[in-house]
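Which chain is which? The protein sequence lines are U and D, in order. Numbered per this note's numbering, the first sequence finishes at 1144, counting up by one with no gaps. Numbered per this note's numbering, the second sequence finishes at 1144, counting up by one with no gaps. Even for Gly, the Cβ is constructed at its ideal location relative to N, Cα and C. Down below is the structure, laid out as structure tokens.
Protein chains: 2
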Amino acid sequence: MTVNQIDPPARLLMGPGPITADPRVLRAMSAQLVGQYDPAMTGYMAEVQELYRGVFQTRNDATLLVDGTARAGIEAAFVSLLAPGEKVLVPIFGRFGQLLRDVAERCGAEVHVIEREWGSVFTVGEIEAALREVKPKLLAIVHGDTSTTVAQPLEELAALAAKHGALLYTDVTASLGGNTFLADAWGVDAATAGLQKCLAGPAGSSPITLSERAVEVIRSRGATIRSNYFDLAQILDYWGPTRHNHHTEATTMLYGARECARILLEEGVENAVDRHRVHGAAMASGLVAMGLTLFGDQSVRMNNIVAVRIPDGVEPDGIRATLLADYGIEIGTSFGPMHGKVWRVGVMGYNARKDAVLTTLAALEQVLRRAGVSVPQGAAVDAALDALQTEG
Amino acid sequence: MTVNQIDPPARLLMGPGPITADPRVLRAMSAQLVGQYDPAMTGYMAEVQELYRGVFQTRNDATLLVDGTARAGIEAAFVSLLAPGEKVLVPIFGRFGQLLRDVAERCGAEVHVIEREWGSVFTVGEIEAALREVKPKLLAIVHGDTSTTVAQPLEELAALAAKHGALLYTDVTASLGGNTFLADAWGVDAATAGLQKCLAGPAGSSPITLSERAVEVIRSRGATIRSNYFDLAQILDYWGPTRHNHHTEATTMLYGARECARILLEEGVENAVDRHRVHGAAMASGLVAMGLTLFGDQSVRMNNIVAVRIPDGVEPDGIRATLLADYGIEIGTSFGPMHGKVWRVGVMGYNARKDAVLTTLAALEQVLRRAGVSVPQGAAVDAALDALQTEG
């Protein structure tokens, strides 16, 4: 087999993630390595901690990276917080809620779930009723679930969890940086993320933040944590002043994570959230103007992703394949009950931009037209431009 | 806090790893992302599998990457192969053997160990006696342990393990690419690695290969595997023809892992091993000629690292700090019983080169001289050049 130097095809990634990385992040990742305990490296680690405090909107000392994809952060949080047999309540409203259930089950926790139809979110009352009944140690819920595009409002959940003696964990992989998230103001005990959505980087590093209460729980578990790699007590010591050796930090991913946060804070978190809101709304307006129907409760839609019902009579994957082959544009398929029913269009991170939105709409109009769908000429682009003018 | 674009100081990393990455690997990692199921991406995944078959010297279909550092690969192998209560035998001859014990214990396995003084390796007889007594499901042993610089000969162990009904796992993080390793010819059932040693990349991706027997064991465990992230049955399905969704592959790390293997195979694995042997021997000759004493059984020393006793009367970390501050050269400290007694000098990956060896020896001579150690002028460089001329 002859394998050449890597040369990926040009793509505009408008799916649920990964999305096109910000070129500045990729440039940062081409920087040469330094040693694990080089003063430069420990300095970068300290910078990363402070930068992600800004991203998570927290003063939590325990703010750091887990070396793996977003799912690694979830598992690190669960296996470190939950002893076997302890109760966790997982309200599920999409695929990533199902993931939380599976991760918690494999940690040996006693998992209780409540479920909501995909496309909707829970009321505070529903969650409180379950908390009262289950009395879990941990309430674990996804913030924004890309499988359905909606985000569970979290503002009241931490106080509710605390009232019932539980910690609140939330997976903000899909939402962080593109939707308001206030770890401290909302009282979140643990949150984990990934880089490949609104943070505009590649998958492979999972930012995590832990409240003092969460850290106490983890510290009290010590060597009973059922994982070495995901033992947050050891990982905290590695990132902390003792720098106790654990894994060898994934230097290049750390460079990337640092740049993701640096450019987000340079823009300002609120500005970035607003940019996602405005461009996501423009995409939604454009799709509606094209005659398509949106999926999911739009009052709680994440800023950075839109699900749209697939029009009758077209082959769902064929449209996506043509968009990719002829225009280099990727939009997303869907999972579980949504499969074959909706496409998911991401407007996130580096691609939450006017040209990305308009190019996607223009290309989709052409692909649908040639597939025999009756679409009004230019209506999508006009509606998106109007939305941008109103909102921008 | 103002954080600027990353700009690491110039370093020549001659420690136990990470070492200076090959610039081609860093360039590959700056390539733009493609989608998770883009034909380009699944093509890269297939290439990575085939490339690492070459690196591991195997025809194992189950050859792929675990998304995390080398320790993630170890944990994925253990948690997927070992059910709670199953017996594993871990012969320990250094720090990474201790790590294997800890990972196995946290997986709930019944862990049996035998131990050897650091700097030595086990005889086949010692391992067979323990296999006979313990009757483990898995024999798990480090190949080359950077903490002591020696490598356990593996040629006879797989047959021995099979004779006693055990699978053989080995951690080749520190050795792969710089020392002969023949997964199939030796009959290894599972091996895991990292990129940050002889493969000349950054930490953050763990190549792994599994024999058919190992895959059968993993497949039989199914949902009882006590981890979602490290569930190799699911990870195999993600890399296999069904492409069943698991994590979002760490695209940039995959690009890097691909380039590490590509350039290694371009050079030829045997040539790369020989390059490590020649330059490691030159470093060892130079250090001896400087009047220093090597540590560990030199007959089984890894090609890519040399441990040297710290001369009396110098402050170990002070010498290292000066070497770093004044010459930009990093050499390694040491762990456990070796701490404060030896420095570890790596000659690996991109830095298994004449100029890296000579520059390190020249600088160390100056730093030791200024610290009051009597070192013969030029002897180290002369000995290294002589060794290179003889061997090169």
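Nearest CB-CB separation between U/D1078 and chain D: not below the 8 Å threshold.
Of the other Cβ atoms in all chains shown, 16 or more fall within 10 Å of the Cβ of D/D774; this residue is therefore buried. Here D/M1090 is actually not in contact with D/N1056; their C-beta atoms are around 17 Å apart, not less than 8 Å. In the structure shown, D/I866 falls within a strand segment according to DSSP collapsed to helix, strand and coil.
DSSP places D/Y1079 outside any beta strand (DSSP E); the residue lies instead in the alpha helix (DSSP H), whose first and last residues are P1068 to Y1079. Within chain U, the C-beta atoms nearer than 8 Å to that of D/A783 come from I758, D759, P760 and L778, in chain order.
Between the region 758-769 of chain D and the region 765-784 of chain U, the count of Cβ pairs shorter than 8 Å is three or higher; the stretches touch.
According to the DSSP assignment, U/S957 belongs to no alpha helix (DSSP H), since it is labelled neither H nor E. Between the C-alpha atoms of D/D819 and U/Y990 there is a straight-line separation of about 20 Å. Setting aside the 5 residues that flank it on each side, U/T1004 is surrounded in the same chain by M781, each with a C-beta closer than 6 Å to its C-beta; the list follows chain order. The Cβ atoms of D/A955 and D/A822 sit closer than 8 Å to each other. Contact between U/I844 and U/E867 holds: CB atoms are separated by about 5 Å, below the 8 Å threshold. In the assembly as shown, D/M1035 is a buried residue. Its beta-carbon has 16 or more other beta-carbons within 10 Å. Along the region 977-1003 of chain D, going in chain order, the ones with a CB nearer than 9 Å to a CB of chain U are I977, R978, S979, N980, Y981, F982, D983, N997, H998, H999, T1000, E1001, A1002 and T1003.
Ranked by Cα distance from U/L909, the options U/A942, U/G1043, U/A792 and U/Y796 are led by U/A942. Rounded to the nearest angstrom, the gap between the Cα atoms of U/G1043 and U/L1110 is 16 Å. Under the Cβ criterion (8 Å, minimum of three pairs), the region 969-976 of chain U does not count as touching the region 799-809 of chain U.
D/L841 places its beta carbon 8 Å or farther from that of D/L906. Residue state for U/N997 is assigned as coil, using DSSP reduced to three classes. For a Cβ distance threshold of 9 Å, nothing in chain U lies close to D/T961: the least Cβ distance comes to about 17 Å. Within chain U, the C-beta atoms nearer than 7 Å to that of D/M753 come from E802, in chain order. In this structure, DSSP gives D/K839 an extended state, which the three-state scheme calls strand. Within the model, the alpha-carbon separation for U/V1119 versus U/S1037 is close to 18 Å. Residue pairing for D/V786: DSSP places it in no beta bridge. For D/E1022 and D/T794, the gap between their C-alpha atoms comes out near 29 Å. With a cutoff of 8 Å on beta-carbon distance, U/T1085 and U/D1069 are scored as near each other. Nearest CB-CB separation between D/T772 and chain U: below the 8 Å threshold. Neighbours of U/A1036 in chain D, taken as residues at a C-beta separation under 7 Å, are lacking, since the least C-beta distance is about 21 Å.
Contact between U/T925 and U/A1059 does not hold, since their C-beta atoms are separated by about 17 Å, which reaches or exceeds 8 Å. Residue burial annotation: U/H998 is buried, with at least 16 other C-beta atoms found within 10 angstroms of its C-beta. Selection U/M753, U/N756 and U/L778 evaluated against U/Y1007 yields U/L778 as nearest (Cα-Cα). Here the alpha carbon of U/A1024 sits roughly 24 Å from the alpha carbon of U/Y921. DSSP, reduced to helix, strand and coil, places U/N1055 outside both helices and strands of the structure shown, so it counts as coil. Contact annotation: in the region 944-970 of chain U, residues whose CB is within less than 9 Å of a CB in chain D are G946, Q948, G953, P954, A955, G956 and S957.
For D/E1117, the number of other beta carbons within 10 angstroms of its own is at least 16, and it is reported as buried. The beta-carbon distance between U/K889 and U/E838, rounded to whole angstroms, is 5 Å. This is short enough to meet the 8 Å contact definition.
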